[in-house]
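Below: one structure, written as C-alpha cells.
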Amino acid sequence: MVERVVATPEALALIAQLQAEHGELMFHQSGGCCDNSAANCYLPTDLTIGPYDVKLGEVGGVPFYIGKLQYEYWKHTQLILDVIEGSGGTFSLEGNTGKAFHTRSRLFTDDEWAQIETQVMRDLA
Numbered sequence: 019m020v021e022r023v024v025a026t027p028e029a030l031a032l033i034a035q036l037q038a039e040h041g042e043l044m045f046h047q048s049g050g051c052c053d054n055s056a057a058n059c060y061l062p063t064d065l066t067i068g069p070y071d072v073k074l075g076e077v078g079g080v081p082f083y084i085g086k087l088q089y090e091y092w093k094h095t096q097l098i099l100d101v102i103e104g105s106g107g108t109f110s111l112e113g114n115t116g117k118a119f120h121t122r123s124r125l126f127t128d129d130e131w132a133q134i135e136t137q138v139m140r141d142l143a
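One gets the working numbering by counting positions in the sequence shown from 1 and adding 18 to each.
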C-alpha cells in the first residue's frame with residue numbers, strides 16, 4: 019500500500035519527544051499560512067476534525083489530516099513531514115523547541131497513483 023504521508027527520522031524523533039511530553043497528538047496540514055507548508059501538531063482536544071477534513075494516514079502513530087479543499091490540490095502528491103530549525107507555528111506544539119515541522123511533497127509515480135485509485139475504489143465499495 020502506498021502511504022500518502024510519511025515522516026523523516028528527524029520528524030519522528032520530534033514526534034516522540036512531543037508524545038513523551040504531551041501524550042496523544044494529531045497533525046493538521048495548514049491551509050492558511052506559511053505557503054501551506056506548515057503541518058501543525060495539536061492535542062486532539064485542540065482542534066475539531068470535521069467533514070471538510072481528510073485523514074491521509076499516520077506518522078509515528080499520530081493521525082495526519084488535511085483540509086478537503088487543500089487535499090484536492092495535493093492529492094497527487096505524497097506529503098513528507100520533516101523538521102527545520104526555527105520557530106514552529108504559534109499554535110503548534112513544537113513552537114518552543116527551536117524546531118518546526120515542515121511539509122515537503124513529491125508527485126506519486128503512475129504506478130503508485132494506480133494503486134491509490136484502486137484502494138479508493140475498494141474503500142468506496
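Ideal placement from N, C-alpha and C gives every residue a C-beta, glycine not left out.
This structure is a prediction, so every number in the text was calculated from the model and none was measured.
| Query | Result |
| --- | --- |
| Can the beta-carbon of G113 be found less than 8 Å from the beta-carbon of E103? | no |
| How big is the Cα-Cα spacing for A29 and D100? | 5 Å |
| Classify I67 as helix, strand or coil using the three-state DSSP reduction. | coil |
| Are the CB atoms of Q88 and Q47 nearer to each other than 8 Å? | yes |
| Using the DSSP secondary-structure output, state which residues sit across from I45 in a beta bridge. | First, the residue type needs correcting, since residue 45 is Phe and not Ile in the sequence shown. Per DSSP, C59, F82. |
| Report the partner residues of V77 according to the DSSP bridge assignment. | V80 |
| Could you check whether the stretch 118-134 touches the stretch 54-65, counting it as contact only if at least three pairs of C-beta atoms, one from each stretch, sit closer than 8 Å? | yes |
| When the distance is taken between beta carbons, is G78 closer than 8 Å to A25? | yes |
| Give every residue of the same chain whose Cβ lies closer than 6 Å to the Cβ of I98, excluding the five residues on either side of it in the sequence, and list them in chain order. | V24, R122 |
| Which residue marks the beginning of the alpha helix (DSSP H) containing T136, and which one marks its end? | 128-142 |
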